[in-house]
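Read the sequence shown against the numbering used here and you will find it ends at 455, with the numbers running on by one and no gaps.
Beta carbons: idealized from backbone N, C-alpha and C, even for Gly.
These notes are about the structure you will find just below.
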Amino acid sequence: MALSEISSSYSMTQTLNTNLSSKHTTSLNSYGSRRRSALLHPRCAPRIRCSVAPNQVQTPVTTAVPSDVVSKRECYGVFCTTYDLKADEKSKSWKSLINIAVSGAAGMISNHLLFKLASGEVFGPDQPIALKLLGSERSFQALEGVAMELEDSLYPLLREVSIGIDPYEVFQDAEWALLIGAKPRGPGMERADLLDINGQIFAEQGKALNAVASRNVKVIVVGNPCNTNALICLKNAPNIPAKNFHALTRLDENRAKCQLALKAGVFYDKVSNMTIWGNHSTTQVPDFLNAKINGVPVKEVITDTKWLEKEFTERVQKRGGVLIQKWGRSSAASTAVSIVDGIRSLVTPTPEGDWFSSGVYTNGNPYGIAEDIVFSMPCRSTGDGDYELVKDVIIDDFLRERIKKTEAELLAEKRCVAHLTGEGNAYCDLPEDTMLPGEQ
Ligand code: LMR
Numbered sequence: 016m017a018l019s020e021i022s023s024s025y026s027m028t029q030t031l032n033t034n035l036s037s038k039h040t041t042s043l044n045s046y047g048s049r050r051r052s053a054l055l056h057p058r059c060a061p062r063i064r065c066s067v068a069p070n071q072v073q074t075p076v077t078t079a080v081p082s083d084v085v086s087k088r089e090c091y092g093v094f095c096t097t098y099d100l101k102a103d104e105k106s107k108s109w110k111s112l113i114n115i116a117v118s119g120a121a122g123m124i125s126n127h128l129l130f131k132l133a134s135g136e137v138f139g140p141d142q143p144i145a146l147k148l149l150g151s152e153r154s155f156q157a158l159e160g161v162a163m164e165l166e167d168s169l170y171p172l173l174r175e176v177s178i179g180i181d182p183y184e185v186f187q188d189a190e191w192a193l194l195i196g197a198k199p200r201g202p203g204m205e206r207a208d209l210l211d212i213n214g215q216i217f218a219e220q221g222k223a224l225n226a227v228a229s230r231n232v233k234v235i236v237v238g239n240p241c242n243t244n245a246l247i248c249l250k251n252a253p254n255i256p257a258k259n260f261h262a263l264t265r266l267d268e269n270r271a272k273c274q275l276a277l278k279a280g281v282f283y284d285k286v287s288n289m290t291i292w293g294n295h296s297t298t299q300v301p302d303f304l305n306a307k308i309n310g311v312p313v314k315e316v317i318t319d320t321k322w323l324e325k326e327f328t329e330r331v332q333k334r335g336g337v338l339i340q341k342w343g344r345s346s347a348a349s350t351a352v353s354i355v356d357g358i359r360s361l362v363t364p365t366p367e368g369d370w371f372s373s374g375v376y377t378n379g380n381p382y383g384i385a386e387d388i389v390f391s392m393p394c395r396s397t398g399d400g401d402y403e404l405v406k407d408v409i410i411d412d413f414l415r416e417r418i419k420k421t422e423a424e425l426l427a428e429k430r431c432v433a434h435l436t437g438e439g440n441a442y443c444d445l446p447e448d449t450m451l452p453g454e455q
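Below you can see the structure in the form of C-alpha cells.
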C-alpha cells in the first residue's frame with residue numbers, strides 16, 4: 016500500500032505539540048494537549064487511517080487531495096495518513112457507515128469486542144463502521160495502542176477510528192453506544208458508594224448522548240451495576256427514547272443456557288426461550304419454567320426440580336464470582352461475546368417462537384413489574400434495532416417470589432441514586448445481600 020496523503024489535521028496536531036515533533040501524538044503526556052487536540056479534531060469522513068510517525072511519512076501529497084475530502088479530513092491523534100476509499104466503497108454496494116461509540120475502550124472487554132465489531136461479524140459483511148472510542152486520561156496511551164492494533168488489522172469494514180476522553184466529543188452522531196467503562200468495587204467500598212461513583216459516570220454519559228448522539232441511538236450498558244446505570248443514563252437523556260436503553264443480561268442468559276445444556280446432555284444450541292428476569296446481580300432469576308430444550312419445556316427434560324431451583328439458579332447467579340476466583344479478574348471474553356449476541360438479537364429477526372433477554376425500561380410492561388426501572392425481561396425483535404416485550408410467558412409462584420426480590424433490589428438501588436436521576440434526595444436502604452454476580 017502506498018501512502019496517499021497526509022491530512023491537514025496531522026500538521027495541526029504537530030503544530031500543537033511542536034516540542035514533540037519527533038513523535039506522533041501517542042507521545043502526548045499532558046491532558047491539556049490531548050484534550051486540545053481532541054477538540055480540534057471533529058468527526059472524520061469514512062475511511063481507514065494508518066498510524067505513521069512523521070519521520071516515517073514519505074512525500075506529502077497535499078496537492079492531490081480531492082476537495083470534498085479536504086473539507087472533512089480532520090482526524091484524531093495518531094491517525095494522520097488517510098486513504099480515500101470512496102471509489103472503492105461505490106463498487107461494493109455496502110450499506111452507509113454507522114457510528115459506534117464504545118466507552119471503557121482500553122479495557123479487557125473492549126479488547127475482545129472491538130475486533131469482533133471491526134470484522135463484520137456483528138453488523139454484517141456489508142456494513143462499514145466507524146469506531147469512536149472513549150477512554151480516560153489515565154488510559155489514553157492504552158487507547159492509542161488499541162486504535163493502532165485496529166489499524167494494523169486492516170479490516171476492510173473499519174472505516175474510521177477515533178479516540179478521546181470527552182463523551183461530548185466521542186458520542187457525536189453515535190448510532191450505537193456500548194457503555195462498558197465503570198469502576199469496579201474496591202476493597203472496603205460500600206455498594207452505595209459504587210452506585211454513586213459509577214452513577215455519576217453514567218449521568219454524565221447520558222447527558223452527552225442526549226446532547227450529541229443520534230436521536231435514535233441504541234445504548235447498551237455493561238458497566239456495573241448495569242441496570243441502575245442504564246436507568247441513570249436514560250434519565251439524563253430525555254430526548255432519546257427510554258426504550259433504546261439496555262442493561263446487558265445476555266451474559267446471564269448464555270450462562271443459563273450452558274448450564275441447562277450441560278445437565279440435559281445436549282449441545283447448548285438446543286436450549287431456547289431463556290429468560291433472565293431482573294437485575295444483573297445475585298438476585299437475578301434464570302427462568303427454567305419457560306425455557307425449552309429441543310422445543311420441549313425444560314422441566315419435562317430435567318425432572319430434578321430441586322436442582323433447577325437451587326443449584327442451577329445459584330450457579331447462574333454466581334457465575335461471575337466463580338470466574339473472578341479462577342481468573343483473578345472479571346469475565347471479559349464471554350462478556351464481549353454476549354454484547355455481540357445482544358446486538359445481533361436486535362439487528363436480526365428473532366427466530367419464530369423464541370426470544371432473548373435484555374434489561375429494558377419497565378414502563379408499560381405486561382408482567383406487573385414496577386414501572387420506571389430497568390429490568391431484564393423476554394424480548395423479540397424484527398431486526399430493525401428495536402424490540403417488543405414477549406407477553407405470554409407463564410409466571411408461577413416460585414418465579415413470582417423471586418422476581419419480587421430482584422425488583423425490590425432494583426427499587427432500592429433506584430432510591431439510592433435519586434440524586435442522579437433528578438428525583439430528589441437519595442436514600443440508601445439496600446438489602447443486605449445486594450451483590451453483583453462477581454461479589455461473594
Ligand atoms: C459478570 O457477570 O461476570 C460480572 O458482571 C461480574 C462482576 O461483578 O463484575
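When only Cα atoms are considered, Leu414 and Asp267 end up about 16 angstroms apart.
Rounded to whole angstroms, Lys333 and Pro366 show a C-alpha spacing of 29 angstroms. Restricted to the stretch 155-203, the beta strand (DSSP E) segments that are unbroken, complete and at least 3 residues in length are 173-179, 191-194, listed in chain order. Here DSSP, grouped into helix, strand and coil, assigns His295 to coil. For Gly150, the closest alpha carbon among the candidates Pro240, Ile178, Phe138, Leu132 is that of Ile178. Note that the stretch 269-281 does not touch the stretch 222-234; fewer than 3 beta-carbon pairs, one per stretch, sit closer than 8 angstroms. Residues Ala347 of the same chain have their beta carbon placed closer than 6 angstroms to that of Met123, with the five preceding and five following residues left out of the count. Under a 10 Å Cβ-count criterion, Ile409 is classified as exposed, with fewer than 16 other Cβ atoms of the shown protein chains found around its own Cβ. Under DSSP, Tyr376 shares a beta bridge with Val389. Our two residues, Val337 and Gly343, have alpha carbons roughly 10 angstroms apart in a direct line. By the Cβ criterion, the stretch 370-382 is in contact with the stretch 391-401, since at least three pairs of Cβ atoms, one from each stretch, lie closer than 8 angstroms. Put simply, the backbone Cα of Glu454 is about 15 angstroms away from that of Glu424.
By alpha-carbon distance to Phe303, the top candidate from Asn126, Ala207, Thr297, Thr318 is Thr318.
Of the heavy atoms belonging to ligand 1, none sits nearer than 7 angstroms to the Cβ of Leu404. Per DSSP, the continuous beta strand (DSSP E) segment holding Phe260 begins and ends at 260-262. Under the three-state reduction of DSSP, Ala145 is assigned to strand. Per the DSSP secondary-structure output, Leu404 pairs in a beta bridge with Cys394.
Restricted to the stretch 241-286, the alpha helix (DSSP H) segments that are unbroken, complete and at least 4 residues in length are 241-250, 265-279, listed in chain order.
With respect to the C-alpha of Asn440, the residue from Lys429, Met450, Pro446 having the closest C-alpha is Lys429. As the crow flies, the alpha-carbon of Tyr442 is around 40 angstroms from that of Ser287.
A distance below 7 angstroms between beta-carbons, with the five flanking residues on each side excluded, links Lys406 to the following residues of its chain, in chain order: Pro381. In the structure shown, Ile409 adopts coil according to DSSP, grouped into three states. Distance from the CA of Gly135 to the CA of Ala145, rounded to the nearest whole angstrom, comes to 12 angstroms. Checking the 7 angstroms criterion, the Cβ of His295 is within range of a heavy atom belonging to ligand 1.
Listed by position along the chain, the residues with Cβ atoms less than 5 angstroms from a non-hydrogen atom of ligand 1 are Gly335, Ser345, Ser346, Leu451, Pro452, Gly453.
The residues Ala257, Glu386, Asp387, in chain order, have a CB closer than 8 angstroms to that of Asn378 in the same chain once the five nearest residues on each side in sequence are set aside. Distance from the CA of Lys278 to the CA of Asp412, rounded to the nearest whole angstrom, comes to 24 angstroms. Excluding sequence positions up to five before and after Met450, its CB lies within less than 7 angstroms of the CB of Ser296, Thr297, all in the same chain and listed in chain order.
Between the beta-carbon of Gln220 and that of Cys248 there is about 6 angstroms, and that keeps the pair under the 8 angstroms contact cut.
Around the beta-carbon of Ser391, 16 or more other beta-carbon atoms lie within 10 Å, marking it buried. In the structure shown, the three-state DSSP call for Asp302 is strand. Assignment of Asn114 by DSSP, reduced to helix, strand and coil, places it in the strand class.
Proximity to Asn231 across Phe217, Ala192, Ser154, Arg265 peaks at Ala192, based on C-alpha coordinates. Only residues of its own chain outside the window of five on either side were considered, and among them Asn242, Thr421, Glu424, Leu425 have a CB closer than 7 angstroms to the CB of Asn294, listed in chain order.
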